[in-house]
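J.: A single structure is presented below for examination.
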Amino acid sequence: MNDFKAEPDSLRRAMLDAVERVFDSGWYVLGNEVVNFENNWASTCGAEFAVGTANGMDALEISLRALGIGEGDEVVTTSMTAFATVLSILRTGATPVLADIDLSTGLLCMESAARCISRKTKAIVLVHLYGQVRAMGAWLAFCESNGVHLVEDCAQAHLAKSEGRMAGSFGIMAAFSFYPTKNLGAVGDAGLITTSSKELADKAKQLRNYGQSIRYHHPVVGLNSRLDEIQAAILSVRLGTLSEYTIRRRTIANYYDEQLTNQFVSKMSAPDEPSAHVYHLYILQTDFRQQLQDHLLSHGIQTFIHYPIPIHHQKPCLTCRRDPEGLTNSERHAETCISIPCHPQLSSDDLHYIAETINSFQAE
Ligand SMILES: *Cc1c(COP(=O)(O)O)cnc(C)c1O
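Here it is, written out as structure tokens:
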């Protein structure tokens with residue numbers, strides 16, 4: 054599903070040089086490398102400010118806490134996401150309220166989210182699942198008319214662009230993950246918040262660093278969620294390949310869209326415009342998932358399930374409030390989705406082989 058060791062030698066060299074630069078600087082946490090990367094990422098996304106964090110989950114928690122969200126508040130999000138999305142809400146002390154998805158995209162369903170809104174709702178965490186940004190105008194209007202903040206979970210959506218705007222520039226706050234397998238990945242954990250509010254950026258900077266305002270003064274209860282110089286330096290190098298790698302992911306997805314014809318397998322719906330999907334993952338749906346996985350594995354092709362268990366079936370969320378009409382689409386998607394290889398190191402031979410192997414699958 055990923056093949057970092059197949060990355061070009063020149064990229065590896067450049068990363069090692071960047072690490073050496075950090076060693077030479079003698080400064081390892083929250084220094085110039087972090088500031089440089091923050092500035093580059095903010096301008097890449099079309100946001101005013103960026104705040105590096107230790108990981109994507111913290112970026113979400115800090116975003117919510119900077120907005121003043123905590124105990125007694127509710128945050129609406131999707132039941133089909135990485136557990137970290139919901140864990141970040143739980144960690145603020147707020148209550149997650151789980152809404153259903155649209156089956157054709159896997160994304161949060163607006164009608165379901167509307168049924169989840171209450172007087173206590175402070176924010177919607179909109180997850181750009183699999184790398185798709187959709188209907189942002191409608192979501193902005195929805196949040197505004199309901200008087201709730203829009204917080205974007207961009208962990209899978211680096212460079213996804215809809216109607217000329219990048220993921221990370223729509224919400225009042227947006228959280229990115231640079232976990233190694235994400236479209237832009239560090240060689241360890243890293244995350245970041247984008248926002249165009251100076252006040253919120255300053256609050257986030259305070260929260261990530263023990264709630265410190267000026268040195269040794271701690272007016273709020275913060276956390277330790279700082280970004281390392283080495284990770285920032287590596288991210289700056291990898292940012293140089295991100296556009297090219299994103300185009301490659303799109304090419305791979307287009308190939309699958311055109312070539313996969315197996316009657317036992319269905320594809321997700323295409324994005325509204327090509328730039329609005331960066332294919333962090335390429336998903337198929339099938340009622341014969343285990344058989345298909347076995348078939349592919351027996352031909353040497355790895356697959357994963359994103360995600361096999363919807364959030365409302367996870368133990369800490371069994372009693373979470375949810376759409377009163379149920380979360381049946383999330384449940385159905387969890388049972389039928391399968392992620393096939395979609396990463397920039399796949400060769401055209403790999404793609405032919407994967408498509409042929411999927412097309413030759415016969416369900417029993
Ligand atoms: C990866 C991911 C996160 C968490 O990011 P970490 O850096 O692993 O903490 C949050 N949300 C989504 C949708 C993710 O895919």
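Letter by letter, the sequence shown follows residues 54 to 417 of my numbering.
Every residue, glycine too, gets a C-beta built ideally from N, C-alpha and C.
Please read these numbers as outputs of a predicted model, since none were measured by experiment.
#1: Give the DSSP-derived three-state secondary structure of residue 187 in the structure shown.
#2: Going by Cα to Cα distance, which pick from 283, 345, 397 and 343 is closest to residue 71?
#3: In angstroms with no decimal places, state the Cα-to-Cα distance between residue 256 and residue 274.
#4: Within the chosen definition, does the stretch 159-170 reach the stretch 192-205 through at least 3 CB pairs nearer than 8 Å?
#5: Could you tell me if the beta carbon of residue 81 falls within a distance shorter than 8 Å of some heavy atom in ligand 1?
#6: Give a yes or no on contact between the stretch 169-184 and the stretch 203-216, applying the rule of three or more CB pairs nearer than 8 Å.
#7: Specify the secondary structure class of residue 390 as computed by DSSP and reduced to three states.
#8: Helix or strand or just coil, what does DSSP make of residue 344?
#9: Tell whether a beta-carbon distance below 9 Å holds between residue 156 and residue 237.
#10: Do you know offhand how far residue 121's Cα is from residue 368's?
#11: Give the straight-line distance between the Cα atoms of residue 315 and residue 342, rounded to the nearest whole angstrom.
#12: What did DSSP end up calling residue 203 once you bin it into helix, strand or coil?
#13: Can you give the beta carbon distance from residue 416 to residue 317, rounded, assuming they're within the 8 Å contact cut?
#14: What separation, rounded to the nearest whole angstrom, lies between the Cα atoms of residue 326 and residue 265?
#15: Rounded to a whole number of angstroms, what is the C-alpha to C-alpha distance between residue 101 and residue 139?
#16: Under 8 Å by Cβ, that's how I've got residue 458 and residue 399 pegged, so tell me the actual separation to the nearest angstrom.
#17: Does DSSP put residue 307 in a helix, a strand or coil?
#18: Look up residue 134 in the DSSP assignment and say whether it is helix, strand or coil.
#19: Count the other CB atoms, across all protein chains shown, that sit within 10 Å of the CB of residue 251; report buried if there are 16 or more and exposed otherwise.
#20: How would you label residue 443, buried or exposed, when you count the other beta carbons within 10 angstroms and need 16 or more for buried?
#21: Ligand 1 and residue 110: does any heavy atom of the ligand fall closer than 8 Å to the residue's C-beta?
#22: Distance check for residue 225 and residue 310, CA to CA, integer angstroms please.
#23: Put residue 296 into one of helix, strand or coil per three-state DSSP.
#24: Let me confirm a value: residue 262 is counted as buried when at least 16 other C-beta atoms fall within 10 Å, else exposed. Which label applies?
#25: Taking three-plus beta-carbon pairs below 8 Å as touching, is the stretch 125-144 in contact with the stretch 348-355?
T.: So, to answer that:
#1: coil
#2: 283
#3: 11 Å
#4: yes
#5: no
#6: yes
#7: strand
#8: helix
#9: no
#10: 27 Å
#11: 13 Å
#12: strand
#13: 4 Å
#14: 43 Å
#15: 26 Å
#16: Missing from the structure shown is residue 458; the chain here goes from 54 to 417 and no further.
#17: helix
#18: coil
#19: exposed
#20: Any property of residue 443 remains undetermined from this structure, which presents the chain solely from 54 to 417.
#21: yes
#22: 34 Å
#23: helix
#24: buried
#25: no
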